[in-house]
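In this note's numbering, the protein residues as written are 13 to 228.
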Ligand code: T5A
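As structure tokens, then:
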């Protein structure tokens, strides 16, 4: 007798600029999934696999110049490994995947921030066969300067955090355009509110998925 195929898991991503609270709210979403008895994998980009973590180190901390195109290809290479080795297998086993940043980040940072163009970013991923789309994206949004101020207390900025305001403003607008184009997938959350209010909005955004999802 053949084994029953598990219901495919749900794919949730957290997006937004530096300091908006992705890491803080990822921990909160994990606690909600735990409370609901849902088996999940928590992960991040760039990274999520041994090779991806090496790429993360390279792309965020490499000295000298790196071309914008190389930066895009490194982000995409990390993602290809991540989808093949972690995300897709987990979803197929019925686990949920909670990911700190995904393709929207490349569209915002490399497509708009670096001005490589959204189409080029999408094309690179299509060429590499990355077609998976999140079921829910929580876009934490707040004015750029306020987010950067939160990060300032944390010490030495990485290579991308050293960019100027114009870079982050372009990335923010690209994120908001993504949300406008896909309201069924992307929920924008005002990250400038108190943490309690942000968590409450995060929980409300997650509710519909929790109700339709299969607790494993
Ligand atoms: N990148 C990534 C690309 O360019 N292209 C890509 O395709 C991908 C995938 C990754 C870098 O790589 C770039 C983007 C990034 O530059 P990262 O570590 O994932 O780096 O991203 P960061 O944004 O740098 O992540 P951080 O952990 O640094 O920021 P978070 O997670 O948004 O913020 P968090 O949760 O650490 O909070 C920051 C501070 O604010 C406080 C927290 O306690 C913390 O001190 N805080 C609040 N304070 C008041 N009120 C609230 N509501 C608060 N929420 C959090």
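C-beta: ideal position from N, C-alpha, C; glycine also.
Model, not experiment: these values are computed from the prediction.
Residue i: first and last residue of the uninterrupted beta strand (DSSP E) it sits in
{"i": "residue 27", "result": "23-27"}
{"i": "residue 198", "result": "198-202"}
{"i": "residue 109", "result": "108-112"}
{"i": "residue 55", "result": "52-56"}
Outcome for residue i when other beta-carbon atoms lying within 10 angstroms are tallied against a minimum of 16
{"i": "residue 88", "result": "buried"}
{"i": "residue 230", "result": "The requested residue 230 is not part of the displayed model; the chain covers only 13 to 228."}
{"i": "residue 122", "result": "buried"}
{"i": "residue 213", "result": "buried"}
{"i": "residue 203", "result": "buried"}
{"i": "residue 168", "result": "exposed"}
{"i": "residue 7", "result": "Nothing about residue 7 can be reported from this structure: the residues present for the chain run from 13 to 228 only."}
{"i": "residue 158", "result": "exposed"}
{"i": "residue 69", "result": "exposed"}
{"i": "residue 178", "result": "exposed"}
{"i": "residue 103", "result": "buried"}
{"i": "residue 25", "result": "buried"}
{"i": "residue 164", "result": "exposed"}
{"i": "residue 83", "result": "buried"}
{"i": "residue 117", "result": "buried"}
Cα-Cα separation between residue i and residue j, rounded to whole angstroms
{"i": "residue 219", "j": "residue 176", "result": "37 Å"}
{"i": "residue 217", "j": "residue 108", "result": "16 Å"}
{"i": "residue 155", "j": "residue 18", "result": "42 Å"}
{"i": "residue 22", "j": "residue 195", "result": "17 Å"}
{"i": "residue 150", "j": "residue 130", "result": "20 Å"}
{"i": "residue 133", "j": "residue 145", "result": "15 Å"}
{"i": "residue 187", "j": "residue 120", "result": "6 Å"}
{"i": "residue 34", "j": "residue 166", "result": "15 Å"}
{"i": "residue 160", "j": "residue 141", "result": "34 Å"}
{"i": "residue 180", "j": "residue 16", "result": "47 Å"}
{"i": "residue 206", "j": "residue 27", "result": "18 Å"}
{"i": "residue 78", "j": "residue 64", "result": "18 Å"}
{"i": "residue 136", "j": "residue 92", "result": "11 Å"}
{"i": "residue 53", "j": "residue 143", "result": "20 Å"}
{"i": "residue 138", "j": "residue 40", "result": "32 Å"}
{"i": "residue 290", "j": "residue 29", "result": "There is no way to answer for residue 290, as the model of the chain reaches only from 13 to 228."}
{"i": "residue 124", "j": "residue 152", "result": "18 Å"}
Run of the alpha helix (DSSP H) containing residue i, from where it starts to where it stops
{"i": "residue 162", "result": "156-164"}
{"i": "residue 170", "result": "First-last for residue 170: undefined, no H or E at that position."}
{"i": "residue 179", "result": "177-193"}
{"i": "residue 64", "result": "62-73"}
{"i": "residue 147", "result": "Here residue 147 belongs to no alpha helix (DSSP H), and DSSP marks it neither H nor E."}
{"i": "residue 117", "result": "115-118"}
{"i": "residue 30", "result": "Element bounds for residue 30: n/a, residue is neither H nor E."}
{"i": "residue 88", "result": "80-94"}
{"i": "residue 134", "result": "130-139"}
Min CB distance residue i to chain D below 8 Å
{"i": "residue 167", "result": "Chain labels in this structure do not include chain D; a single protein chain is all it has."}
**Q.** the region 101-114 touching the region 63-76, judged by at least three CB pairs closer than 8 Å
**A.** Between the region 101-114 and the region 63-76 there are fewer than three inter-stretch CB-CB distances shorter than 8 Å, so the stretches are not counted as touching.
Q | Cβ pair count under 8 Å reaching 3, the region 88-108 against the region 39-55 | A | In short, these stretches touch, since the Cβ pair count reaches three.
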